[in-house]
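Encoded as structure tokens, the structure appears first; notes follow it.
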Amino acid sequence: MDMKSTNELQGTDHIHPSSLIRHPSLLKATFAIVQKDLAAEFRSFELVSAMLVFSLLVIIIFNFALELDVKVRQSVTAGVLWTTFAFAGTLGLNRSMATEKDRGCMDGLLLAPVDRSAIYFGKVISNLAFMLIVEAVVLPVYSVLYNVNLFRFDLLGVILLGSIGYVAVGTLLSAMSVQTRTREVLLPILLFPVAIPVLLAAVKASNGLLAGAEFAEVLIPLNILIVYDVVFIAVAFMVFDFVVEE
Amino acid sequence: MQSKSIALTILDVVSIILLAISTYLALFFAPTELIMGQVQRVFYFHIGTAWVGLLGFVLAAISGVIYLITKDMKWDRFEVAAVEVSTMFFFITIVLGSIWARPAWNTWWTWDPRLTTAAVTELIYIAYFMLRQGIDDPEKRARFGAVYTILGGVSAPITFMVIRLFRTIHPVIIGAANANQEKMSMTGDMKVAFFFALFAFTVIFIDLMWHRIRLGNLEEKVEQLKLKVSM
Chain U
2 MDMKSTNELQ GTDHIHPSSL IRHPSLLKAT FAIVQKDLAA EFRSFELVSA
52 MLVFSLLVII IFNFALELDV KVRQSVTAGV LWTTFAFAGT LGLNRSMATE
102 KDRGCMDGLL LAPVDRSAIY FGKVISNLAF MLIVEAVVLP VYSVLYNVNL
152 FRFDLLGVIL LGSIGYVAVG TLLSAMSVQT RTREVLLPIL LFPVAIPVLL
202 AAVKASNGLL AGAEFAEVLI PLNILIVYDV VFIAVAFMVF DFVVEE
Chain B
3 MQSKSIALTI LDVVSIILLA ISTYLALFFA PTELIMGQVQ RVFYFHIGTA
53 WVGLLGFVLA AISGVIYLIT KDMKWDRFEV AAVEVSTMFF FITIVLGSIW
103 ARPAWNTWWT WDPRLTTAAV TELIYIAYFM LRQGIDDPEK RARFGAVYTI
153 LGGVSAPITF MVIRLFRTIH PVIIGAANAN QEKMSMTGDM KVAFFFALFA
203 FTVIFIDLMW HRIRLGNLEE KVEQLKLKVS M
């Protein structure tokens, strides 16, 4: 019989049960959250489809609101695009955080033994993914409807940077607004003033690129976009803990 | 019931006197500007209130940070006072600027970068009050308020930097490096009125802040007494 003597078992005293549990790293936790959101979305498509239809309607409304003849179109394309993205983005941010709270997912995430910033980064990445999907559809539609070529790498870069900044602040503010009495109504009120630098710089950069301005001129708003993205991701990540704590 | 401290009463009197002197300096002592004429006198109070407004927003952001670190409600009361007083002063700045703009640029308002960011900054702090109104729990209200002042405090300078990088018709007095922007320089008497206005408004700001913080403290006391009575 192979029985362990007490001598052999003595060496195992120092193993504490909790050290046997592996806490997921920040990166793993973040991607788990992204996976969850994307998987849920790809099953029902309710968020992206709502954002998409809304964007297309906004573009149509702009057509009537602004009397876009060929000359005017050139100068307002950037503004119309970014207004559309901003409004659709607000929709996505609201719904994304609201479903999290209503279904109790947020409580579950808060109970998990991971750093809270994983929740922040996970939500930012999934919200960004939704916004980029919508933009990826809106850009070709706009190009076709208004006969403007929007498929330029530099413009896509500006749109990416602007979306990152917008979503970084928007995720934090939606986490706050969803906990207030006025809920979804409050998010645009909180978000738009703080996101003005992003929208301003993004529109100026987009305008510059579409109008064929020199790169040096476009570089200024581009730098502002990068600075804004870096600063606000850092600030939001530091402050997110205080917003979701119970 | 705590009666108003004597220091505060003295500060009230001093503030009123400084405001009166500043008014005299701005409206009578300072020479009339060559190009813009009498309307330029608005400038002294415009800059005074702008300085105080922006100072208050910065103080609010700092107070927000301290609250999040210490969780002491007195910093929340300081923050609310700072935002309230600054929102009011900054609104005065915008109105005075408008009054100056009408004769100078022939329009009450223009979407020039600096004016736009002033309007946006004011809206951030109005949104701050809407945020606070929507929360019943005082601890949550303090936390969220602190977070939003930090966001606003970071956003405002960035929007201000955006001003300097794009061409503007708004006069740039201090550090006008860009030749495209109107340059203005001040004569000696104007400088006296200008710096005195800055000083006077700083004192008025401190006075109003003190009053508002005192009001906040008294409100807190009332809440506590209400709880005691209801138990």
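Chains as they are written, first to last, in my numbering: chain U, 2 to 247; chain B, 3 to 233. Idealized CB from N, CA, C, for every residue including glycine.
Assign B/TRP107 to buried or exposed, taking buried as 16 or more other Cβ atoms, counted over all protein chains shown, within 10 Å of its Cβ. On the second sequence, residue 107 of chain B is found 105 positions in, with the first residue counted as 1. Here B/TRP107 is exposed, its C-beta having fewer than 16 other C-beta atoms within 10 Å.
Does B/TYR69 come out as helix, strand or coil in the three-state DSSP assignment? Indexing the second sequence from 1 puts residue 69 of chain B at position 67. Three-state DSSP puts B/TYR69 in a helix.
In chain U, which residues lie with their C-beta within 8 Å of the C-beta of B/VAL156? Indexing the second sequence from 1 puts residue 156 of chain B at position 154. Those are VAL232, PHE233 and VAL236, listed as they occur along chain U.
If you measure between the beta carbons of U/LEU151 and U/TYR143, is that distance less than 8 Å? To locate residue 151 of chain U, count along the first sequence from 1; it is residue 150. To locate residue 143 of chain U, count along the first sequence from 1; it is residue 142. Result yes, Cβ atoms of U/LEU151 and U/TYR143 sit closer than 8 Å.
Determine, for U/LEU191, whether the minimum Cβ-Cβ distance to residues of chain B falls below 8 Å. Within the first sequence, the letter at position 190 stands for residue 191 of chain U. It does: the Cβ of U/LEU191 has a partner Cβ on chain B nearer than 8 Å.
Selection from B/GLY39, B/LEU56, B/TYR46 and B/GLY50 that minimises the alpha carbon distance to B/PHE162: Within the second sequence, numbered from 1, the residue matching residue 162 of chain B stands at position 160. The shortest Cα separation from B/PHE162 among B/GLY39, B/LEU56, B/TYR46 and B/GLY50 belongs to B/LEU56.
Presumed contact (8 Å Cβ cut-off) between U/SER164 and U/LEU129, rounded CB distance: In the first sequence, counting from the first residue as 1, residue 164 of chain U sits at position 163. In the first sequence, counting from the first residue as 1, residue 129 of chain U sits at position 128. The Cβ separation is near 6 Å, so the contact holds.
Buried or exposed, going by whether 16 or more other CB atoms sit within 10 Å of the CB of B/TRP110? Residue numbering aside, residue 110 of chain B sits at position 108 when the second sequence is read from its first letter. Label assigned to B/TRP110: exposed.
Less than 8 Å between the CB atoms is what I'm expecting for U/ILE120 and U/LEU112, so what's the real figure, rounded? Here the question's residue 120 of chain U lines up with position 119 in the first sequence. Here the question's residue 112 of chain U lines up with position 111 in the first sequence. Not really, about 11 Å apart at Cβ, beyond 8 Å.
Taking C-alpha atoms, which residue in B/GLY147, B/ARG214 and B/HIS48 lies nearest to B/THR25? Reading the second sequence from its first residue, position 23 is the one you call residue 25 of chain B. Selected option, being the one with the closest Cα: B/HIS48.
Are the C-beta of U/PHE122 and some C-beta of chain B separated by less than 8 Å? Here the question's residue 122 of chain U lines up with position 121 in the first sequence. With 8 Å as the cut-off, U/PHE122 does not count as an interface residue toward chain B.
Got a sec: is the Cβ-Cβ distance from U/TYR167 to anything in chain B below 8 Å? Mapped onto the first sequence, residue 167 of chain U falls at position 166. With 8 Å as the cut-off, U/TYR167 does not count as an interface residue toward chain B.
Under 7 Å from the C-beta of U/PHE243: neighbouring residues of chain B: Taking the first residue of the first sequence as position 1, residue 243 of chain U is located at position 242. Residues of chain B passing the Cβ test: LEU70, ARG145 and VAL149.
Roughly how many angstroms lie between the CA atoms of B/SER5 and B/GLN135, to the nearest whole one? Locating residue 5 of chain B in the second sequence gives position 3, where the first residue counts as 1. Locating residue 135 of chain B in the second sequence gives position 133, where the first residue counts as 1. Spanning the two alpha carbons is a distance of roughly 29 Å.
Taking Cβ positions, are B/TYR69 and B/ALA148 nearer each other than 8 Å? As a first step, residue 69 of chain B is located in the second sequence; it is residue number 67 there, counting from the start. As a first step, residue 148 of chain B is located in the second sequence; it is residue number 146 there, counting from the start. Their beta carbons are under 8 Å apart, which means B/TYR69 touches B/ALA148 by this criterion.
Grab me the residues of U/ALA237's own chain with a C-beta within less than 6 Å of its C-beta, minus the 5 sequence neighbours each way, in chain order. The count along the first sequence starts at 1 and reaches residue 237 of chain U at position 236. Contacts found: ALA169 and LEU173.
Local conformation of B/GLU35 per DSSP, three classes: On the second sequence, position 33 is the one that residue 35 of chain B refers to. Reduced to three states, the DSSP call for B/GLU35 is strand.
Burial state of B/LYS228, where buried means 16 or more other Cβ atoms lie within 10 Å: Within the second sequence, the letter at position 226 stands for residue 228 of chain B. Result: exposed.
Leaving out five residues on either side along the sequence, give the residues of the same chain with a beta carbon under 6 Å from the beta carbon of U/PHE122. To locate residue 122 of chain U, count along the first sequence from 1; it is residue 121. Here the set comprises THR31.
Give a yes or no on whether the C-beta atoms belonging to B/ASP191 and B/LEU13 are separated by under 8 Å. Start at 1 with the first residue of the second sequence, and residue 191 of chain B comes out as number 189. Start at 1 with the first residue of the second sequence, and residue 13 of chain B comes out as number 11. No.
If you run the structure through DSSP and keep just helix, strand and coil, what is B/LYS185? Counting from 1 along the second sequence, the entry for residue 185 of chain B is found at position 183. Here the model assigns B/LYS185 a pLDDT of 41, short of 50, so the residue's position is not dependable, and the following value carries that caveat. Note: B/LYS185 maps to strand in three-state DSSP.
Span of the alpha helix (DSSP H), counted from its first residue to its last, around B/ILE137: In the second sequence, counting from the first residue as 1, residue 137 of chain B sits at position 135. First-last for B/ILE137: undefined, no H or E at that position.
Do the region 191 to 211 of chain U and the region 67 to 74 of chain U touch if we need at least three Cβ pairs shorter than 8 Å? no
Which residues mark the beginning and the end of the alpha helix (DSSP H) in which B/THR89 is found? Reading the second sequence from its first residue, position 87 is the one you call residue 89 of chain B. Per DSSP, B/THR89 belongs to the alpha helix (DSSP H) from 75 to 107.
Do you know offhand how far U/GLY171's Cα is from B/PHE203's? The residue you call residue 171 of chain U lines up with position 170 of the first sequence. The residue you call residue 203 of chain B lines up with position 201 of the second sequence. For U/GLY171 and B/PHE203, the distance between alpha carbons rounds to 36 Å.
Counting C-beta neighbours from all protein chains within 10 Å, is the total for U/LYS205 16 or more, i.e. buried, or is it exposed? Looking up residue 205 of chain U in the first sequence gives position 204. Looking at its Cβ environment, which holds 16 or more other Cβ atoms inside 10 Å, U/LYS205 is buried.
Against chain U, does B/ALA83 count as a neighbour if the rule is that its beta carbon must be under 8 Å from one of theirs? In the second sequence, counting from the first residue as 1, residue 83 of chain B sits at position 81. B/ALA83 does not count as touching chain U.
Is any beta-carbon of chain U found at less than 8 Å from that of B/GLY132? Counted from its first residue, the second sequence places residue 132 of chain B at position 130. According to the sequence as given, residue 132 of chain B is Met; it is not Gly. So, interface residue.
Express the C-alpha separation of B/PRO159 and B/TRP77 in angstroms, rounding to a whole number. Position 75 of the second sequence, counting from 1, holds the residue named residue 77 of chain B. Position 157 of the second sequence, counting from 1, holds the residue named residue 159 of chain B. Cα-Cα distance, rounded: 22 Å.
Given U/ILE134, which residues of its chain have a CB within under 7 Å of its CB, disregarding the five upstream and five downstream residues? For the purposes of this step, residue 134 of chain U is taken as the residue at position 133 of the first sequence. Hits under 7 Å: VAL49.
Using the rule of at least 16 other Cβ atoms within 10 Å of the residue's Cβ for burial, across every protein chain shown, is B/GLN42 buried or exposed? The count along the second sequence starts at 1 and reaches residue 42 of chain B at position 40. Per the 10 Å Cβ criterion, buried.
Three-state secondary structure assigned by DSSP to B/VAL205: Working through the second sequence from its first residue, we reach residue 205 of chain B at position 203. In the structure shown, B/VAL205 sits in a helix (DSSP, three-state: H, G or I).
So, is U/LYS124 buried or exposed, given that buried needs 16 or more other C-beta atoms within 10 angstroms? On the first sequence, residue 124 of chain U is found 123 positions in, with the first residue counted as 1. U/LYS124 comes out buried.
6 Å CB neighbourhood of U/GLU47 in its chain, flanking five on each side removed: The residue labelled residue 47 of chain U in the question sits at position 46 within the first sequence. None.
Should U/ILE197 be flagged as near chain B, meaning a C-beta pair shorter than 8 Å? For the purposes of this step, residue 197 of chain U is taken as the residue at position 196 of the first sequence. At least one chain B Cβ lies under 8 Å of U/ILE197.
In this structure, does DSSP put B/MET233 in helix, strand or coil? The count along the second sequence starts at 1 and reaches residue 233 of chain B at position 231. Coil.
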